[in-house]
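Below: the structure, in structure tokens.
Residue numbers (my numbering), protein chains in the order written: chain A, 1 to 266; chain B, 267 to 420; chain C, 421 to 1086; chain D, 1087 to 1422.
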């Protein structure tokens, strides 16, 4: 942590970067910090409580500006950064990625390949919460799943915190805001909410890196992150990718294999 | 669910122009008969078929959906059907996870030469959906602004 | 509010027999936005089209729906009629009331109601249609001909003679194809090579033809008028610009026992070889699979022999790119080998031959210099049996079709045998004799009557070897199924003509359709026999189905005319069914965020990157842009676009959404 | 205004009487790991240990989505079905916090500032509020800084202050409250003279509202908005849990020849909220949208509607995915 603060202060005072995106202590847990001068670098923290996915900010031009900037990134953020590279949203020359490895050493990355090599050491596993909820859902009949999700969806009030917190939801106009035609009813209602979340899951197929930011952001506690997470897990063997290891070539859904499964096609 | 003989399922078919639409044309030219329940919407390619259209179909009252295009390797646009197939794999998986009844979506490959396959596909799908009954579970929630029973004792 | 005109066709009684067309017109007439709705006996007739044109003017229609047959049939007709009346043709749509409704349902309330729904659907679509302008694309006036047999040769020469450039690609070291292997040709018995060789030379010398032998198509991208062909020039290991074709290397090559492809395996060739003496080009290639040097790293005798140092050991395959405007497929056919027939010895009897092998035996340039001799012992066969329909017309063998050429060449073979072996006795087993064609029937009669060929109608159940003889066991169905057994010296099977090897892969490379037997599919069995379903790609010869030389040549000329017609225009007018990425006013400029998922999805590489820049030149965003020349309008990108920034003209999100909703809203 | 005492069993009896009267009762229920208002039939369903419900009680008088009117075109004629105030059922809100009850005033002020809003007023007219004074608070609570208090009775028809014996001090504050008492009059006995204040949580005042108002008057072009809003993600969580946020959107749910017009929640934090058709957005950046949120609640509403648009419930701070703590931000503005 000390090294991180020193390095951030150094980067800022030497003008290497104009911004270090990091974490500071918040009301109950750490929160994002936009550190724009070396004095503020003292506030920086980096530990296991830092779970916000800061990659969500790095596609916002008005926040990160035109200069080079740094972002402190735990593994989940690194995965998102990789995917953003794949989707042509980042510029290697503008971005400096800082992380603290398992030995407490400060690591710096600038390219997709460097991040990929580092992230490859970490396997994406279900946490306790995910395991518990997913095995509950996996044990349900179809009708029970429908009831379960309809109950959850009936609580959704479409604040779109899930979308806002997701680093991969960077569209300047979201499909729910498209009104010619109005694909998804914009008002909060059980089915309209369901449609939104099915749509979100489809948009995330092959892209989601299971950072959990969407579920964490949901103010009313819908475990929406499980939808995209389960899809990621189920589609990985199907489409031949490693969960949490975005491959540089294309997106799982916009590519195909000759022998993709088709026994469901009559 | 028991099968209901009075129930006439509403089924929409999303088909590609080059294979299945032409195949259905051949069904006509061959004067093969099939059920009137299915109505065809023409797309240039299965690759064009947006998953949201399928979702909206159920919300608006469809009891079943047919999606059909060219056999693998036969796509007029070479790979539209391969992209579609991947999308269907993912879409089925999402729907199943959410508890949507994926038995109501019938995917198929029907070539321009398979006029009789199209007739069979329609008749079989109509029979299957008839056996499943109306998709009330989905349709009834379509108009709700609040969850059913939110205002009353469930 | 829209002003849509709806025109319901009776199609004689094809539609009106099961659909209450008056009711359809009446109910549709009451729809929101429908200004005019009528029904008429034949909408596609002149008076029918006039109704449309007049209504467009009278009611100021801004959309037309014709409820008639399949749009695949008459969409162009009605769009043209609208255009003539001053309405943008893309504001006209067709509801398929015939193929998708009246013909597939019985007369009933439901059938009429379905018809109403189908028309409604198109009315809702047309409300969202936008006027579109056709797209003009330039035409590259150069043709690619794939296959250098007689079909490819003829097509190349015909195109070249209209003044357009031709690239001719041949897989083998020489052009000539199967025709160069034939001895004499029916029904005139003129020597095949004598009539073919001049054409081969003409190809080689034609200023408009560029010939690539020992080459294969690697890939084809693009679309009619604008293809990009990648051609693999297989390493010949001989430098053709210096090689004089003296043939000394061939003389000295120590590897002499390779079965000759040209002689259908009956003769041998060397590892460095020219397939046949009249080959074009008449220069050798090294068969790397069999060459000692490539196999074992030592030999190089040919190099020592070569006076001009033309051997290139390290030459690698080269891939060149040619831009062409049209493609003619002339890849020909193949015949089944004797090994395909367990009942005829599985290819283990040396004296059971295919028809093609017999051609080589009968050919003056063949391994026996035209004498009919048994491959096993070199003896002249005194008794010979020809079996027609070996494989063909046999669903059990997976070849239910007639190979078309066998009846004629079998008659020719028997005739040639009788001419060469005067005391010989020939028998032909046949199912039917199909001798349709000018002078064909007469030719067969001559074989039977003048050359005393014994024709037996019946199938041969078995052929087996016994004491140096081939026992042929069959039946004579004309004699009431009487068993026939012949002790023959040689048996010739008229094996089925099949699609050339690799034709399926080639079809997939070219995106053309093919039939279950891997013959390429014509666009229409009657009216478009030389076109494929892919615009700009044409068919010539036996790659479409087995056919004889005159038919092949005719088809090749036909394909050439299609190409010439295409090349007679500088520009090609294309349907504007293409994808478009939205462009908006600042500050958004476009809702496309440049993730380029569409780029990976596009089968045509039609997605380009565009940097949207502000007035000061600073980059605002990277967005996708569609190259309208390359886009073929599949719409795969549209369904992938998360922000719905890309849409396809003619099948826009608004249009298809309106269609689907119309079917469900009561 | 009358003060009474009710015993623990009396509360149960009274609650049952309210349910039996046919009114629908909303009360905080603990489910899915969250406490939120839901229809209840038994007192035992009502949640006990919690500081604050995730969502405010706003939805009872301003539903997430509501049909303004519906229509159908038959034979060229349009049949219109307007919102019917009579369709709103009599509703009792049980165990509302004073900060929620206080939210009805700013909410109504917005819905009636130019024209009167039929829907909102119909809901309000049919709603009776039984609030419970607060004996606990957390670091997000600040009602005392915005003219409220843990025992504030504004907006309540009845307020209960729970006593250690399980009974409660009952303040009957309005005719609606009296009507509720009348459902089971016998359980209400004479006030025992307990001081209500003794049972309220002590919540110090964190900022001076006058001071904040004065600062905001000059703050439109301040850099504070950008500084504070950098981490804001632009979602609508704060607005949707807020008891006073009233922004809405009007949407058409049209299918063929019939349809309905729907009013649903919207939020000024959304980029789309002020986006013009032309593509121009007067509040293009999140900082501008954050400024709007604060100024609207703490400056525009006091100025134009004479009511503060914040009740200090702290829900927005708790709901925010990135800890946009309103108390912290307002305090820092006050100190500038």
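Don't be surprised by glycine CBs; every beta carbon is placed ideally from N, CA and C.
Who pairs with residue i in a beta bridge, going by DSSP?
i	result
residue 1231 (chain D)	Answer is none; residue 1231 (chain D) lacks a bridge partner.
residue 1137 (chain C)	Since the displayed chain C opens at 421 and closes at 1086, residue 1137 (chain C) lies outside it and no answer follows.
residue 1167 (chain D)	D:1156
residue 1125 (chain D)	D:1112
residue 1354 (chain D)	Looking at the DSSP assignment, residue 1354 (chain D) forms no beta bridge with any residue, so it has no partner.
residue 693 (chain C)	C:705
residue 256 (chain A)	DSSP lists no partner for residue 256 (chain A).
residue 639 (chain C)	C:650
residue 919 (chain C)	C:753
Check whether chain B comes within 9 Å of residue i, counting only Cβ atoms and requiring the distance to be less than that.
i	result
residue 543 (chain C)	no
residue 167 (chain A)	no
residue 912 (chain C)	no
residue 261 (chain A)	yes
Can you list the residues of chain E that residue i reaches, using a CB-CB cut of under 8 Å?
i	result
residue 326 (chain B)	In the structure shown, chain E does not exist; the protein chains are A, B, C and D.
What does the Cβ neighbour count give for residue i, buried or exposed, with the cut at 16 atoms within 10 Å?
i	result
residue 175 (chain A)	buried
residue 1408 (chain D)	buried
residue 268 (chain B)	Residue confidence is low: residue 268 (chain B) scores 44 on pLDDT, short of 50, so the model does not pin down where it sits. Its coordinate-derived value is still stated next. Classification for residue 268 (chain B): exposed.
residue 15 (chain A)	exposed
residue 625 (chain C)	exposed
residue 903 (chain C)	exposed
residue 1029 (chain C)	exposed
residue 722 (chain C)	buried
residue 263 (chain A)	exposed
Taking 9 Å as the CB-CB cut-off, is residue i touching chain A?
i	result
residue 1358 (chain D)	yes
residue 355 (chain B)	yes
residue 1418 (chain D)	no
residue 1068 (chain C)	no
residue 378 (chain B)	no
residue 303 (chain B)	no
residue 1408 (chain D)	yes
residue 276 (chain B)	no
Compare the C-beta of residue i against all C-beta atoms of chain D and say whether one is closer than 9 Å.
i	result
residue 185 (chain A)	yes
residue 318 (chain B)	no
residue 31 (chain A)	yes
Check residue i in the structure and name its three-state DSSP category.
i	result
residue 630 (chain C)	strand
residue 1174 (chain D)	coil
residue 196 (chain A)	helix
residue 375 (chain B)	strand
residue 407 (chain C)	No answer is possible for residue 407 (chain C): the residues shown for chain C start at 421 and end at 1086.
residue 1274 (chain D)	strand
Closest Cβ-Cβ distance between residue i and chain C: below 9 Å?
i	result
residue 418 (chain B)	With a pLDDT of 37 at residue 418 (chain B), under the threshold of 50, the predicted position of this residue should be treated as unreliable, and no value is reported.
residue 181 (chain A)	yes
residue 283 (chain B)	yes
residue 360 (chain B)	no
Does the distance between the C-beta of residue i and the nearest non-hydrogen atom of the ligand ATP fall short of 8 Å?
i	result
residue 1079 (chain C)	The ligand ATP is not part of this structure, which contains no ligands at all.
Contiguous alpha helix (DSSP H) assignments of at least 4 residues, all confined to the stretch 574-632 of chain C: Listed in chain order, the complete alpha helix (DSSP H) runs (minimum 4 residues) inside the stretch 574-632 of chain C are 612-625.
Quick check on the DSSP output: what are the complete beta strand (DSSP E) runs of length 3 or more inside the stretch 450-537 of chain C, in order along the chain? Counting only runs of 3+ residues, the beta strand (DSSP E) found wholly inside the stretch 450-537 of chain C occupies 454-460, 483-488 and 512-516, in chain order.
Counting only runs that start and end within the stretch 989-1062 of chain C, where is the alpha helix (DSSP H) found for 4 or more residues in a row? If we require 4 residues or more, the alpha helix (DSSP H) runs fully inside the stretch 989-1062 of chain C come out as 1017-1021 and 1056-1060.
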